[in-house]
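> Below is a structure I'd like to ask you about.
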Amino acid sequence: MVQILRILLPIFLGIPVTIFYLDDNEIPLSDLVLFAGLIFLIKDVNTKAARYFILVSVFAFLSVIWIQLTTDITSGFRPYLSVVFFLKPLLGYFAARGVVKANSDYIFVLKLLSWVMSISILAIFVDVLIVHSGVSRAESYINGSVFGMDQYAAYGVNSAASYYFVIFAVVLYSLAYIQNRYWCTVIKVLSLFCSAYLIFGSLSREVIVGFMLFLMLYYLSQRRQVRYMLLLFAILGAWISWYTFLDQIIESTFLTAKIVQIVDGWSSGDLDYVTSGRLGLYEVALKQWIRSPLFGTGFHGYLLFPEYITFDIEPVGLSPHNQYLTTLWKGGILFFIAYWCYLVFLLRKSGVIRSVSNNPDLMLSFYICTLVVLASVWDVLMVANFGTTFFFLLGILEFRDKEPRTTHA
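Numbering-wise (the working numbering), the sequence shown opens with residue 5 and increments by one.
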């Protein structure tokens, strides 16, 4: 069974498609990984990682129960589902720990995951190129499908763009870590080009900034830089396509509107306008959290203290779009401390923080950019396929050798 899961889990993670809808929520293929994660969590319940996860979960559910007992809000099971959606990506870590037991397993899973991601991003790119004339974004939607299947989190742009970012990081890491045959290298470099193009084409400001910071950190960290020129070729190719072959993107009214929004916001000093209303949401979230600092809103969101919302907006399902503030606001200070201490524990346990491979700085650069940039302006760890992949990678990274073996992809 473990051997079968070792094949299936990277496939489920690497194909960013929606398999069905639950009310208004998309359920991605990557959620199938979580069933394996739950099984392995129960199996390894006596490990420190499992006990810490249970502690984090207890604080989350305690905040829900406290708010329901101390306020007159009638929310039913919705806040409990909110806890599940918030914490379920963490199960990706346990799924990885269940199928990877040695360096050879790690190489196999990394190799398969990078291949599935490469094929998926190539399929999306071809669909964007042929069906959508190369335009990656249409208003608030990301264009492109995976062999005719709906792309997960296409609405809202930032979630899909974040997943393109993790694809780029994983594929690049597989190129650096695994010895590839020539044709394998060509295909993976093409997938780097495609993911870079789609990131820029998404017009997601936070992901583009995080992506460029990732490139800068990784490039500066390498002592043998010639080997990594393929990265620059991928970016150069994306920019050539951007400015030369697909000028309709540059001339699109949507891009023009975004540029005007940023310029007008900065010139008038209205940072809330520049950030598409995020600062206004931050202010409301902080006011609500102060009402109950220990337990926050108990995962009830903006529905708990609606009197603080002074602008016309639907509060159901609304978020501040900041992973740190969302954690504090939803679960309170106790949950906030437990959650982020647990993440630091996993980062240290995975070896990301210390040098344990030929290319230690690549994944460190990815995690830095995710936590410093993406998490600061988006609830990126709650994005189902991104978050699950984020924690799955932490699980498999524990099994890197200090001097890793090489194999053919």
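Note that CB positions come from ideal geometry on N, CA and C, so glycine has one too.
Rounded to the nearest angstrom, what separates Phe-16 and Pro-32 at their Cα positions?
Whole-angstrom Cα-Cα distance: 9 angstroms.
> Classify Trp-293: buried if its beta carbon has 16 or more other beta carbons within 10 angstroms, exposed otherwise.
Its Cβ being crowded by 16 or more others within 10 Å, Trp-293 is buried.
> Quick one: what's got a C-beta closer than 8 angstroms to Leu-338's C-beta in the same chain, skipping five residues either side?
Cβ neighbours of Leu-338 beyond the five flanking positions: Phe-63, Leu-66, Ser-67, Leu-298 and Phe-299.
> Compare the Cα-Cα distances from Ala-379 to each of Arg-209, Ile-23 and Leu-36 and report the closest residue.
Nearest option by C-alpha distance: Arg-209.
> For the candidate residues Ser-178, Lys-334 and Tyr-223, whose alpha-carbon lies nearest to that of Tyr-110?
With distances taken between Cα atoms, Tyr-110 lies closest to Ser-178.
> With DSSP collapsed to three states, give me the class of Glu-311.
Of the three classes helix, strand and coil, the one that applies to Glu-311 here is helix, per DSSP.
> Along the chain, where does the beta strand (DSSP E) that runs through Leu-26 open and close?
Here the beta strand (DSSP E) through Leu-26 covers 22-26.
> Take the Cβ of Gly-80 as the centre, count every other Cβ of all protein chains shown within 10 Å, and call the residue buried at 16 or more, exposed below.
When all chains shown are included, Gly-80 counts as exposed.
> Within 10 angstroms of the Cβ of Arg-101, are there 16 or more other Cβ atoms? Answer buried if so, exposed if not.
By the 10 Å Cβ count, Arg-101 comes out buried.
> Could you please give me the residues that DSSP links to Ser-149 through a beta bridge?
Ser-149 pairs with Asp-154.
> Between the Cα of Leu-176 and those of Gly-355, Ile-23, Gln-155 and Phe-218, spot the shortest distance and give me the residue it belongs to.
Of Gly-355, Ile-23, Gln-155 and Phe-218, the residue nearest in Cα terms is Phe-218.
> Does Asn-29 come out as helix, strand or coil in the three-state DSSP assignment?
It is a strand residue.
> What is the DSSP secondary structure of Arg-82, counted as helix, strand or coil?
In the structure shown, Arg-82 sits in a helix (DSSP, three-state: H, G or I).
> Would a C-beta distance cut-off of 7 angstroms place Val-381 and Phe-390 closer than the cut-off?
Contact flag unset, no.
> Between the Cα of Cys-373 and those of Ala-388, Ser-354, Phe-394 and Gly-355, spot the shortest distance and give me the residue it belongs to.
Cys-373 has its Cα closest to that of Phe-394, out of Ala-388, Ser-354, Phe-394 and Gly-355.
> Need the endpoints of the alpha helix (DSSP H) that Leu-95 sits in, please.
Looking at the DSSP string, the run of the alpha helix (DSSP H) that includes Leu-95 is 95-103.
> Considering Cα atoms alone, identify which of Glu-402, Asn-162, Val-376 and Thr-331 is closest to Ser-61.
The residue with the shortest Cα to Cα distance from Ser-61 is Thr-331.
> Gly-2 and Leu-85: beta carbons closer than 7 angstroms?
Because residue 2 is not part of the residues shown, which for the chain are 5 to 413, the question remains open.
> Excluding the 5 residues preceding and the 5 following Leu-202 in the sequence, name in chain order all residues of the same chain whose CB lies nearer than 6 angstroms to its CB.
Counting only Cβ-Cβ distances below 6 angstroms, and skipping sequence neighbours, we find Ser-140 and Tyr-168.
> Please tell me whether Phe-285 and Pro-310 are closer than 7 angstroms, where the distance is taken between their beta carbons.
The question names Phe, but residue 285 in the sequence shown is Leu. Going by C-beta atoms, Leu-285 is not nearer than 7 angstroms to Pro-310.
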